[in-house]
Amino acid sequence: AECIRTKVFHDGPWRTVSDVEYATAAWVDWYNNRRLHSTLGMISPTEYEAAHYADTQAVAD
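If you're matching positions, the sequence shown starts at 15 in our numbering and goes up one per residue.
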């Protein structure tokens, strides 16, 4: 709903179901990989995960 019902992510009406599916997939990608998350120290979840595994690997070595 955050992606589809607002004008933040798209200007104008949605024309096809494919448009909605594409926009939803793009929003999910942004939300899971690129948005800055305050609980994670204002870094993206992807950056946080990479740092976690780098720390884990450093301890194992």
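By construction, the Cβ of each residue, glycine as well, lies at the ideal position given by its N, Cα and C atoms.
Just so we're clear, the structure is a prediction, and the values are computed from it rather than from any experiment.
DSSP places His51 within a strand segment (E or B) once states are collapsed to three. Checking the DSSP bridge columns, you'll see Ile57 partnered with His51. In this structure, the straight-line span from the alpha carbon of Arg29 to that of Cys17 is close to 15 Å. Judged by DSSP in its simplified three-state form, Asp69 adopts helix. For Val31, the three-state secondary structure derived from DSSP is helix.
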